[in-house]
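Notes follow the structure.
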Amino acid sequence: MTTGRGKNSAGSGGAAKPRAAGAEGTSLDFVPELASIIGYKLRRAQLAVFQDFIETFSRMHLRPAEFSVLALIARTPGQKQTEIAEQLGIKRANFVALMDGLERRGLAERRKVAGDKRSHSLHLTEEGTRFVERMVAVWSEHEQRLVDRLGGAEARGKLLELLDRLLPA
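The sequence shown begins at 0 in numbering that gives the first Met the number 0 and counts up one residue at a time.
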């Protein structure tokens, strides 16, 4: 008999075979092969990339979602808050909190849209523009580390091409 921690109840410390949730009596025979499962490998790669991103941008106190929002505002100033949130797949309440933080830091601002009392367009402040310039330089370092780990620009292009095939049309 095993406990929930993978040790048998006799206390020998031997690891019990894990069981699949909802599949009583079915062992997870595929576990050693996780490295060959596309979804698992993609998730592990994503975690590694995000860890590098978080470490790289920690000195700027910048999280991935904030990076994306600032990049979009810089690229398309004046776009409505709801449009940017939708493009990034961020829920309204989460986006409002994210923008509140960027405004407090003096990086972005909301402006009322003429003729639409409920909408706000988003813009970088002067400080935000300078911040994005530094952000892009730091991002380039991060991206280059990833390209180097992949083996160069050709491998990067191939990876992006393959990932595009997995995205919905």
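Where a beta carbon is used, it is the ideal one built from N, C-alpha and C, also for glycine. The structure presented is a predicted model; accordingly, all values stated were derived computationally and were not measured.
Could you give the C-beta distance for residue 118 and residue 81, rounded to a whole number, given that I count them as a contact under 8 Å?
-> Within the sequence shown, numbered from 1, the residue matching residue 118 stands at position 119. Within the sequence shown, numbered from 1, the residue matching residue 81 stands at position 82. That pair is a contact at about 7 Å.
When you compare the CB of residue 147 with every CB in chain B, is at least one pair closer than 8 Å? Of the protein chains in this structure there is only one, and it is not chain B.
Span of the beta strand (DSSP E) holding residue 112? The sequence position of residue 112 within the sequence shown is 113, counting from 1. Note, residue 112: beta strand (DSSP E), 107 to 112.
- Task: State yes or no: is the C-beta of residue 123 within less than 8 Å of the C-beta of residue 112?
- Result: Counting from 1 along the sequence shown, the entry for residue 123 is found at position 124. Counting from 1 along the sequence shown, the entry for residue 112 is found at position 113. The Cβ-Cβ distance between residue 123 and residue 112 does not fall below 8 Å.
Alpha carbon of residue 23 to alpha carbon of residue 47, nearest angstrom:
Reading the sequence shown from its first residue, position 24 is the one you call residue 23. Reading the sequence shown from its first residue, position 48 is the one you call residue 47. Interpretation of residue 23 is limited by its pLDDT of 49, a score under 50 that renders its predicted location unreliable; the figure taken from the coordinates is listed afterwards. Looking at the two C-alpha atoms, the distance is approximately 33 Å.
| residue 96 and residue 69 closer than 8 Å at C-beta | Taking the first residue of the sequence shown as 1, we reach residue 96 at position 97. Taking the first residue of the sequence shown as 1, we reach residue 69 at position 70. Against a cut-off of 8 Å, the Cβ pair of residue 69 and residue 96 comes out as no contact.
Measuring straight from C-alpha to C-alpha, what distance separates residue 65 and residue 35? Indexing the sequence shown from 1 puts residue 65 at position 66. Indexing the sequence shown from 1 puts residue 35 at position 36. Taking the straight line from one Cα to the other gives about 33 Å.
Exercise for review: Quick one: residues in its chain with C-beta nearer than 7 Å to the C-beta of residue 155, no 5 flanking neighbours on either side, listed in chain order?
Suggested key: Here residue 155 corresponds to residue number 156 of the sequence shown, with the count starting at 1. Taken in chain order, the residues that qualify are 146, 149.
Practice task
Please go through the region 44 to 132 and give each complete beta strand (DSSP E) segment of 3 or more residues, from N-terminal end onward.
Solution key: DSSP runs (the beta strand (DSSP E)) wholly in the region 44 to 132: 107 to 112, 115 to 123.
inquiry  = Need the endpoints of the alpha helix (DSSP H) that residue 161 sits in, please.
reply    = Here the question's residue 161 lines up with position 162 in the sequence shown. Looking at the DSSP string, the run of the alpha helix (DSSP H) that includes residue 161 is 152 to 165.
Worksheet item: Relative to the ligand MN, is the shortest distance from any of its heavy atoms to the C-beta of residue 102 smaller than 7 Å?
Response: The ligand content of the structure shown is nil, which means the ligand MN is not present either.
- residue 36 in three-state terms, based on DSSP: By one-based count along the sequence shown, residue 36 stands at place 37. Three-state DSSP puts residue 36 in coil, outside helix and strand.
In chain order, what residues of the same chain lie with their CB nearer than 7 Å to the CB of residue 84, ignoring the 5 residues before and after it?
Here residue 84 is taken as the residue at index 85 of the sequence shown, counted from 1. Apart from sequence neighbours up to five positions away, the residues of its chain that approach residue 84 with a beta-carbon distance below 7 Å are 91, 94, ordered along the chain.
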